[in-house]
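Residue numbering for the sequence shown follows this note's numbering, starting at 833 and increasing by one per position.
A short write-up of the structure that comes next.
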Amino acid sequence: KIQLARALPPADALPLLREAQTLAPGDPRVASELGKTYMLLGQPPQALAEFGRALALAPRDAQALNNRGVALLALGQSDAARQDFKRALSIRPCLFDARFNLKRLGEPAAPDDNCHFSEEQARLLGVAEK
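Quick look at the structure:
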């Protein structure tokens, strides 16, 4: 259902994702996808709730932390977003999305030497490709 929802316009994907959530209420992937869909629909408060649910179901998921940070940032809560991005990187130091989001907040984005990014990602982070 998640894959099918991704092929639909966001408004049409919501009912399918809600059905998936009914079928698999403990699956953080469904909550994450709902959150992403709400963000696409310009509804960050609803996205924040879903990203929070995903994080409750998978507390050490760096991508879930990054996603919640994006929703917080969209709601003007940059300090809380920054904390989520940093926590995501403490779990997964090479997570491009969290590094890029920190850069958007004016934080240094340079990864450690063990991170390997595509040429485009390195360009976006303003670092030399490794």
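Positions of the beta carbon are idealized from the N, C-alpha and C atoms, including for glycine.
Values in this document were obtained by computation on a predicted structure and should not be read as measured data.
Alpha-carbon to alpha-carbon, residue j and residue i
i	j	result
proline 925	arginine 861	21 angstroms
glutamate 851	asparagine 898	25 angstroms
lysine 962	glutamine 953	Residue placement at lysine 962 cannot be trusted, given a pLDDT of 46 that sits under 50; the coordinates are not used to answer.
leucine 846	threonine 869	7 angstroms
alanine 942	methionine 871	27 angstroms
leucine 905	leucine 855	31 angstroms
histidine 948	leucine 840	32 angstroms
valine 959	glutamate 939	13 angstroms
aspartate 944	proline 857	37 angstroms
glutamine 878	glycine 867	7 angstroms
serine 910	phenylalanine 932	14 angstroms
leucine 957	arginine 936	9 angstroms
asparagine 946	arginine 892	21 angstroms
Close beta carbons around residue i, own chain, < 6 angstroms, minus the five adjacent residues each side
i	result
alanine 890	Pro860 and Ala896
alanine 894	Ala920, Ile923, Arg924 and Leu927
alanine 930	Asn898, Phe917, Ala920 and Leu921
proline 876	Ala903, Ala906 and Leu907
Segment limits, alpha helix (DSSP H) that includes residue i
i	result
glutamine 878	876-889
arginine 949	As written in the sequence, residue 949 is phenylalanine, which differs from the arginine given in the question. Counting along the chain, phenylalanine 949 falls outside any alpha helix (DSSP H), and DSSP gives it neither H nor E.
proline 842	842-855
valine 779	Any answer about residue 779 is impossible in this case: the structure gives the chain only from 833 up to 962.
arginine 924	Segment: none, arginine 924 is in no alpha helix (DSSP H) and carries neither H nor E.
Anticipated Cβ contact below 8 angstroms, residue i with residue j, distance rounded
i	j	result
glutamate 865	leucine 849	6 angstroms
leucine 907	leucine 934	The Cβ separation is near 17 angstroms, so there is no contact.
alanine 913	leucine 873	With 8 angstroms as the limit, alanine 913 and leucine 873 do not qualify as a contact, their Cβ atoms being about 20 angstroms apart.
Contacts around residue i, its chain only, beta-carbon distance under 8 angstroms, and the 5 residues preceding and following it disregarded
i	result
alanine 863	Gln853, Glu882, Phe883, Arg885, Ala886 and Leu889
Any non-hydrogen atom of the ligand ADP closer than 7 angstroms to residue i Cβ
i	result
leucine 866	No copy of the ligand ADP occurs in the structure displayed, which carries no ligand at all.
Same chain only: Cβ atoms within 7 angstroms of residue i, ignoring 5 sequence neighbours per side
i	result
arginine 900	Leu880, Phe883, Gly884, Leu887 and Asp916
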